[in-house]
Every structure is written in C-alpha cells, then in structure tokens.
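Below: one structure, written as structure tokens.
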Amino acid sequence: MRFPISDSQPVTADAVSPVPRSSAPREAPPAVTAMVRLIRDTWAKSEPFIPEISQFFYGMLFTLAPATRDFFPINMEVQRGRLVRALVHIVQMVDRPDDLVPFLTQLGRDHRKFGVIPRHYEAVGTALLASLKNHLGPDWTPEVERAWAEAFTIVARAMQEAAAADVNPASWSATVLEHRRLTWDLALVRVQPEFPVPYQPGQYMSVEVPQRPRLWRYLSPANAPREDGGIEFHVRAVDGGWVSRAIVSHTQPGDVWRLGPPLGRLAVDRTDGRGVLMIAGGTGIAPLRAILDDLAQWGENPKVQLFYGGPSREDLYDLDELRALAATNPWLTVTPVIEHGDEAPGCVQGTLAEAVTQQGSWPGHRILVAGSPAMIRATVSRMLVAGSALDQIAYDPFTID
1 MRFPISDSQP VTADAVSPVP RSSAPREAPP AVTAMVRLIR DTWAKSEPFI PEISQFFYGM
61 LFTLAPATRD FFPINMEVQR GRLVRALVHI VQMVDRPDDL VPFLTQLGRD HRKFGVIPRH
121 YEAVGTALLA SLKNHLGPDW TPEVERAWAE AFTIVARAMQ EAAAADVNPA SWSATVLEHR
181 RLTWDLALVR VQPEFPVPYQ PGQYMSVEVP QRPRLWRYLS PANAPREDGG IEFHVRAVDG
241 GWVSRAIVSH TQPGDVWRLG PPLGRLAVDR TDGRGVLMIA GGTGIAPLRA ILDDLAQWGE
301 NPKVQLFYGG PSREDLYDLD ELRALAATNP WLTVTPVIEH GDEAPGCVQG TLAEAVTQQG
361 SWPGHRILVA GSPAMIRATV SRMLVAGSAL DQIAYDPFTI D
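Using the UniProt record's numbering, the first residue of the sequence shown is number 1, and each one after it goes up by one.
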C-alpha cells in the first residue's frame, strides 16, 4: 500500500506516554471515531504478538528503505518494540486533534535530526501495516486496512508540515564543560552548545552522547536560557538505562553531545493571575528549576508553591539550593516531602500525591507535575480524585531512558 504523503521526515522516537487532554476538546467527526474504533479493536488483538510484529516491522522497513537502519542503535534489542508501540499510540490519538496536533508538531520538528526524506515516512507506514496484516490474518479486512492507512497518513502529514516549517537547525552540537557526581547515581552535566538552543524554561530536548551513538534520550535543562547559551542537566542512572548510566559514569569534559530541538508544554504565565503549584519528584525538579530560575529574574511573580519529593532526604539533592532561592524570593514556598526514613526537619512524611492532596484540590492554580512516569501517573490520578480539574494540570510525557 502507498501512502499519499508529501514533503519531509519520519516517526522514529522512543515510546511516549499519553499527552494530557485539553479541557474542552473538539469532537472528532463520526468517520474518524469509527476509524479509531477499528484501529483500537485490531490493535487489542495484535498486542500479544508485539515481539513478532516488531521483528517483522524492522525487517521490512530496512528492506524498503535501507538508509533508515542508520537511525537506530547497533544493538536493536534496546529499541525493539518501542517504535511499534509509539506508532500505534500516536495513530490511536487521531480522534483527539486538540491534543495530537501540538504533539505531532513538536515530534515532526524533533525528527529532523535524523536527516530523513519523504519516502522514509512511506516505508514506515507500509512496514507497520504489513506487519499487522501478517499477524492478524482474517481480522485484517479492507476496512481495517483503510482505517490504519488513513490514520497514519494524517499523522505523517502533520509531522512533515511541522518539520518543513521549522527554520531552526535540525540539531546542535554541545561540548561538555563540567561533569560532577552529586551522588553515586546522580550527575550534574554542564554543556556549551555551538549556537544557543532556543528553548523555553520547562522544556526538554533529546540528547545523543558519544558513549551511546544513536540512542537518543530526553533530558530537561535545569536552568533558564543564559546569554552564553550554557545548559545544565541533572541525570540519574536508572536501572537498565544504557544512556543515563553512561552519562553518570563515563561522561567527561570535552565530550561532544548532540541536542535535538526543544519540546514540551510546561510553562508559567506570569500574567494570568493564577497561583502556581509545582510538584517534582527526583530529577523531575530540573524543568521546574529552570522555570524558577527564569521567574527569579522578575520583580513580581505569581505565588509559587513547590512540593519536592523523593524516597529519602538524600534524594532531595537540590533542596539546599531551592531553599536559598526561596529565602530571597518571597513568592516561592518550598515543601520537601520524603517517603521513608526518620523524620527530617522541615520535611513532610509521605508520597508527593498524599502531601499535595492533603491541602485540597488547589482551585485557581496552574499545576505543573514533573518526575518519573510512575510518579506522574500516581500524582495526577490522586489529584483528579481530590477534585482538581484536568485542565489545571500540565505534565510532559516522555520516557526517561
């Protein structure tokens, strides 16, 4: 099957989590709703066969477009299954245009860094449909095939249009100036891009390091943009994390990283009159710290209440810096939260979700949540139960390794 796609770029990122729904989403046309229902039904039948589907998918993709092999790491075991799941997740969102379009716009810009051409999109779509068809057998009807093809075309066209409209570089080279271990599994890394990266405080970007070529991972700058363009990252080595462990253990000054375009929707509007609730777990403090760094440059700000949590006091590695910031900025209140261990002075005992919801539903506040996917899910779910409105809450969905 051929896909009616024009212009540039492909879908090759890590698996992504659902983006938050907007408060009053546009209703999808009945035809689109029916199309997505077919897609979800057939995917439910396919999901048990993800390993086989993924193997078939990559084999066909590399046959149709051999150049795409260079987009992926040498060891495909690290990648296997991620792309297929990501593609399916995105395709299933075509009935949510208010959520999907901004997400695809950023994704399309991000994928410029691979240096792809239009036929790669077509190859990805063809390989995806062929692999599903190969495992669905009689359940792969003409109607099902049409639904998948139309949905993928919508996704690919939106990404290509965004990529074609972007005038920024596809990626930036950045030299590591400092690598400092904060704890045995946590490092601060300061890099100097060759040209300033036009990110907003709270955004994140994909990063490729020389120790793990082609294994792009998302990191959040921990500082607001500076005149010299320098960026600070906080990186924790996670279990099974090829990239994070390489950064913490082996990065050294002089290494050259590649940075992808800025992504994400975490932000504070200083003019909307709302208070701000920030909830950060572990290195999730980085994007919120960047926002605080930016706010500290202004004389007047909304009231900001930051809950910063982790399993123990040792996990709150940035607490002293945050308390110092709060001491000179009366609009900021910092509440540390620890889950285990003896009570620490000034710390609330419990999970972040518990600590935040003990104070109600936070009406009239913009709520920003950053941390691990599990922490985000638990916190957002608990806040919704407590009465917070979904349109109050913002978080960026991305895997950390």
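We put the CB at the ideal spot given by N, CA and C, even for glycine.
- Secondary structure in the stretch 136 to 194: the alpha helix (DSSP H) runs of 4 residues or longer, each lying completely within the stretch, are 142 to 165 in chain order.
- For the options Arg226, Thr328 and Asp70, the alpha carbon positioned closest to that of Val191 is the one of Arg226.
- Closest by C-alpha distance to Glu161, out of Gln92, Phe114 and Gly108, is Gly108.
- Beta-bridge analysis with DSSP links His234 to Leu188.
- Within the same chain, and ignoring the five residues on either side of Tyr395 in sequence, the residues whose Cβ sits closer than 8 Å to its Cβ are Pro20, Leu266, Leu368, Val369, Ala370, Ile376 and Val380.
- Around the C-beta of Leu83, 16 or more other C-beta atoms lie within 10 Å, and the residue is accordingly described as buried.
- Separation of the CB atoms of Gly240 and Gly364 is rounded to 41 Å, and the pair is thereby denied contact status at 8 Å.
- Under DSSP, Ser206 forms a beta bridge with Tyr218.
- Closest option to Val334, judged by alpha-carbon separation, among Ile285, Gly260 and Phe57: Ile285.
- Counting C-beta atoms within 10 angstroms of its own C-beta, His111 has 16 or more neighbours from the protein chains shown and is therefore classed as buried.
- Val88 is classed as buried because its beta carbon has at least 16 other beta carbons within 10 Å across all chains shown.
- In the DSSP assignment, Phe307 forms a beta bridge with Ile279 and Thr335.
- Taking C-beta separations shorter than 8 Å and ignoring five residues to either side along the sequence, the partners of Gly273 in its chain run Pro302, following chain order.
- Of all C-beta pairs linking the stretch 152 to 159 to the stretch 173 to 187, fewer than three are shorter than 8 Å, placing the two stretches out of contact.
- Here the alpha carbon of Glu208 sits roughly 22 Å from the alpha carbon of Arg85.
- By the neighbour-count definition (other C-beta atoms within 10 Å, threshold 16), Ser388 is a buried residue.
- Under the three-state reduction of DSSP output, Leu368 falls in the strand class.
- Contact between the stretch 300 to 317 and the stretch 339 to 355 is established, with three or more Cβ pairs separated by less than 8 Å.
- Comparing alpha-carbon positions, the option among Thr141, Trp216 and Leu104 lying closest to Phe71 turns out to be Trp216.
- Cβ contact annotation for Trp140 (same chain, cutoff 8 Å, sequence separation greater than five): Thr42, Leu132 and Lys133, in chain order.
- Each residue's CA atom was taken as its position, placing Thr357 and Arg366 some 15 Å apart.
- Straight through space, the alpha carbons of Ala246 and Ala326 are spaced by roughly 33 Å.
- Ile53 and Gln106 have their C-alpha atoms some 27 Å from each other.
- Nearest to Asn223 by C-alpha distance, out of Ala127, Val167, Pro198 and Arg258, is Pro198.
- For the pair Ala151 and Val238, the CB atoms are not nearer than the 8 Å cut-off.
- DSSP places Leu107 in no beta strand (DSSP E) but in the uninterrupted alpha helix (DSSP H) bounded by Pro97 to Asp110.
- Pro213 places its beta carbon 8 Å or farther from that of Val256.
- The C-beta separation of Gly254 from Met205 comes to about 21 Å, leaving the pair out of contact by the 8 Å criterion.
- Exclusion of the five residues before and after Ser46 leaves Ile53, Leu132, His135 and Leu136 as the residues of its chain whose Cβ lies within less than 7 Å of its Cβ.
- Exclusion of the five residues before and after Glu232 leaves Arg190, Ala222 and Asn223 as the residues of its chain whose Cβ lies within less than 6 Å of its Cβ.
- Counting along the chain, the unbroken beta strand (DSSP E) around Arg258 starts and ends at Val256 to Leu259.
- Looking at Ala147, Leu352, Pro138 and Pro66, the one whose alpha-carbon comes closest to that of Ile117 is Pro66.
- Distance between Phe49 and Leu38, taken at the CA atoms: about 18 Å.
- CA-to-CA, the gap between Ala127 and Glu194 works out to about 37 Å.
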